[in-house]
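Chemist:
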Amino acid sequence: MNPSPLDLDTLRRLAIEQPAAGVTRLLALAVSATFLLAVLDLVRRGRLKEEYTPIWVVVATGLMVSAVWFDGVRLITRAVGAWTPSSTLFFLGLMFLLVLCLNYAVRLSGISGRVTVLTQEVSLLREELGRLRENGGPGDAAAGLERT
Amino acid sequence: MSGTPTRGETLVVIPAYNEERHIGDIVGGVRAALPAADVLVIDDGSRDRTRFVARAAGARVVSHVFNLGYGAALQTGYKRADRDGYAYVVQLDADGQHPPAALPRLLEPLRAGAAEVVIGSRFVAASAYRMGTTRTLGRRLLGRLLVLLGGPHVADPTSGLQALARPAFRSCCGEFYPTDFPDIDVLLFLHRQGLRIAEVPVEMAPSPPGKVALHGGLRDVYYMYKMLLSTFRSRLGPGRGPARRALAPQSHEEVPS
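See below:
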């Protein structure tokens, strides 16, 4: 009896529908839950500002959902034309990191500009205070600033 | 505003970073060349005695608490000039490359109302100044690019020796101004603001030995890359408008960004 030849479509369908190992899904669930708790703990301890948390909460929740509802990952795999759910997850992870890096570069540019303006303002104010002191204006505070 | 220079009219801005060896002579040279001008040294976070030497030589000093970059230091000077109501800013480097004796000639076109930006140029007249091959190529490329993007023809677009009238330096107080090395991007921006740019021949000294040059190796490549992007932004970005109309003194809060 000859085995029936597999065409590419069948091969891809089999790859997508391969059962996810229970231990893998449990591990993904545990890691994402731990990640979510770590984010909340960082906020509690004041080391992470609230406005930076949504993206990480969404990521952790997404990981948990994909661990519980693996058909969702299969659905996305079919939609993006990938062959395996794992490659889909890698692709999405890579895209996420790229967008994240760009986002932080934009934020960094903004902060860098603000630091420049603030430093200039401080320097100009120090010089003004120094001049006031020389002209007999507010003495001690300006003198202290000028000496630094 | 032509005729004899008056006190409080011109501010000479000298950005300096670890220049204690030269700054005293530079400040002295500037005070001799422009006795009526105020001299402001922007100490850009120097770790040596730059600020004390400059002050002892008779300059006012604004000290950045840490190093921000050449462009940011210049901009601090522009902001000071804007807030104190100066009509002109003259800027020169603290390394001794720019001759203070040339400063009065830079101010002439401004006072005559012939231009709002005057560049001290090494290349509009015969000069003994020699530039390396790479830098010459880069300078020519930038000059061509400036013209290609609708800017004026400038023989020495990388010269840091410049004089600016109030509308020009006020335009440079906004966020667009580069913190590292203002170059053709700024010239293009100013040109698009309706400001007129002129060049005056100046004989300059070579950069002192041991000075950390911007140019060289990969820095050249990065510089060109950064300048292309920055010029692209100046050409297409926000901030267009006729700054020449804004000749009346205005408060710094109104500076376009």
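If you read the protein sequences in the order shown, they are chains A and B. According to the working numbering, the first sequence holds residues 361 to 508 in order. According to the working numbering, the second sequence holds residues 140 to 396 in order. For every residue, glycine included, the Cβ atom is placed at its ideal position computed from N, Cα and C.
Measure from the alpha carbon of residue 193 of chain B to the alpha carbon of each residue in B/208, B/177, B/205, then state which is nearest.
Modeler: Counted from its first residue, the second sequence places residue 193 of chain B at position 54. For the residues B/208, B/177, B/205, the minimum Cα distance to residue 193 of chain B belongs to B/177.
Chemist: Would the region 276-293 of chain B count as touching the region 194-201 of chain B if we require 3 or more Cβ pairs under 8 Å?
Modeler: No: the two stretches stay apart, fewer than three of their Cβ pairs being nearer than 8 Å.
Chemist: Which residues, in chain order, does the region 165-187 of chain B contribute to contact with chain A at a C-beta distance below 7 Å?
Modeler: Residues passing the 7 Å Cβ filter: none.
Chemist: From B/334, B/298, B/358, B/148, pick the residue whose C-alpha is nearest to that of residue 219 of chain B; which is it?
Modeler: Residue 219 of chain B sits at position 80 when you count from the first residue of the second sequence. Here the closest residue by C-alpha is B/148.
Chemist: Just verifying my parser: in three-state terms, what is the DSSP assignment at residue 154 of chain B?
Modeler: Translated into the one-based positions of the second sequence, residue 154 of chain B becomes position 15. Of the three classes helix, strand and coil, the one that applies to residue 154 of chain B here is strand, per DSSP.
Chemist: Just grab the DSSP bridge partners of residue 199 of chain B for me.
Modeler: Taking the first residue of the second sequence as 1, we reach residue 199 of chain B at position 60. DSSP output for residue 199 of chain B lists B/179 as bridge partner(s).
Chemist: Which class does residue 367 of chain B belong to by DSSP, given the choice of helix, strand or coil?
Modeler: Here residue 367 of chain B corresponds to residue number 228 of the second sequence, with the count starting at 1. Helix.
Chemist: DSSP three-state call for residue 147 of chain B: helix, strand or coil?
Modeler: Counted from its first residue, the second sequence places residue 147 of chain B at position 8. Correct three-state label for residue 147 of chain B: coil.
Chemist: Do we get a CB-CB distance below 8 Å when we pair residue 473 of chain A with the residues of chain B?
Modeler: Looking up residue 473 of chain A in the first sequence gives position 113. Interface residue, yes.
Chemist: Use the C-beta contact count for residue 351 of chain B: other C-beta atoms within 10 angstroms, 16 or more gives buried, fewer gives exposed.
Modeler: Counting from one through the second sequence, the residue named residue 351 of chain B turns up at place 212. Reliability of the predicted coordinates at residue 351 of chain B is poor, the pLDDT of 48 falling under 50, and the value obtained from them is presented with this limitation in mind. The residue in question, residue 351 of chain B, is exposed, as its Cβ has fewer than 16 Cβ neighbours within 10 Å.
Chemist: Alpha carbon to alpha carbon, how far is residue 185 of chain B from residue 212 of chain B?
Modeler: Here residue 185 of chain B is taken as the residue at index 46 of the second sequence, counted from 1. Here residue 212 of chain B is taken as the residue at index 73 of the second sequence, counted from 1. Between residue 185 of chain B and residue 212 of chain B, the C-alpha separation is close to 12 Å.
Chemist: Could you tell me whether the Cβ of residue 468 of chain A comes closer than 8 Å to any Cβ of chain B?
Modeler: In the first sequence, counting from the first residue as 1, residue 468 of chain A sits at position 108. No, because no Cβ of chain B sits closer than 8 Å to the Cβ of residue 468 of chain A.
Chemist: Could you tell me if residue 324 of chain B is buried or exposed, where buried requires 16 or more neighbouring beta carbons within 10 angstroms of its beta carbon?
Modeler: Taking the first residue of the second sequence as 1, we reach residue 324 of chain B at position 185. Buried.
Chemist: Given that a residue counts as buried once 16 or more other Cβ atoms are within 10 Å of its Cβ, and exposed if not, what is residue 339 of chain B?
Modeler: The residue you call residue 339 of chain B lines up with position 200 of the second sequence. Buried, because 16 or more other Cβ atoms sit within 10 Å of the Cβ of residue 339 of chain B.
Chemist: Taking only the alpha-carbon atoms, compute the straight-line gap between residue 354 of chain B and residue 326 of chain B and give it to the nearest angstrom.
Modeler: Residue numbering aside, residue 354 of chain B sits at position 215 when the second sequence is read from its first letter. Residue numbering aside, residue 326 of chain B sits at position 187 when the second sequence is read from its first letter. For residue 354 of chain B, the pLDDT reaches just 47, beneath the cut-off of 50, and the residue's location in the model is therefore unreliable, leaving the point undetermined.
Chemist: For residue 217 of chain B and residue 414 of chain A, what's the separation of their Cα atoms in angstroms?
Modeler: Position 78 of the second sequence holds residue 217 of chain B. Position 54 of the first sequence holds residue 414 of chain A. Their backbone Cα atoms lie some 41 Å apart in a straight line.
Chemist: DSSP three-state call for residue 235 of chain B: helix, strand or coil?
Modeler: Looking up residue 235 of chain B in the second sequence gives position 96. In this structure, residue 235 of chain B counts as coil in the three-state DSSP scheme.
Chemist: In the DSSP assignment, find the unbroken alpha helix (DSSP H) run with residue 209 of chain B in it and report its ends.
Modeler: Translated into the one-based positions of the second sequence, residue 209 of chain B becomes position 70. 209-222 is the span of the alpha helix (DSSP H), which, as asked, contains residue 209 of chain B.
Chemist: May I ask which residues mark the beginning and end of the beta strand (DSSP E) holding residue 260 of chain B?
Modeler: Here residue 260 of chain B refers to the residue found at position 121 when the second sequence is read from its first residue. Run containing residue 260 of chain B: 256-260, per the beta strand (DSSP E) assignment.
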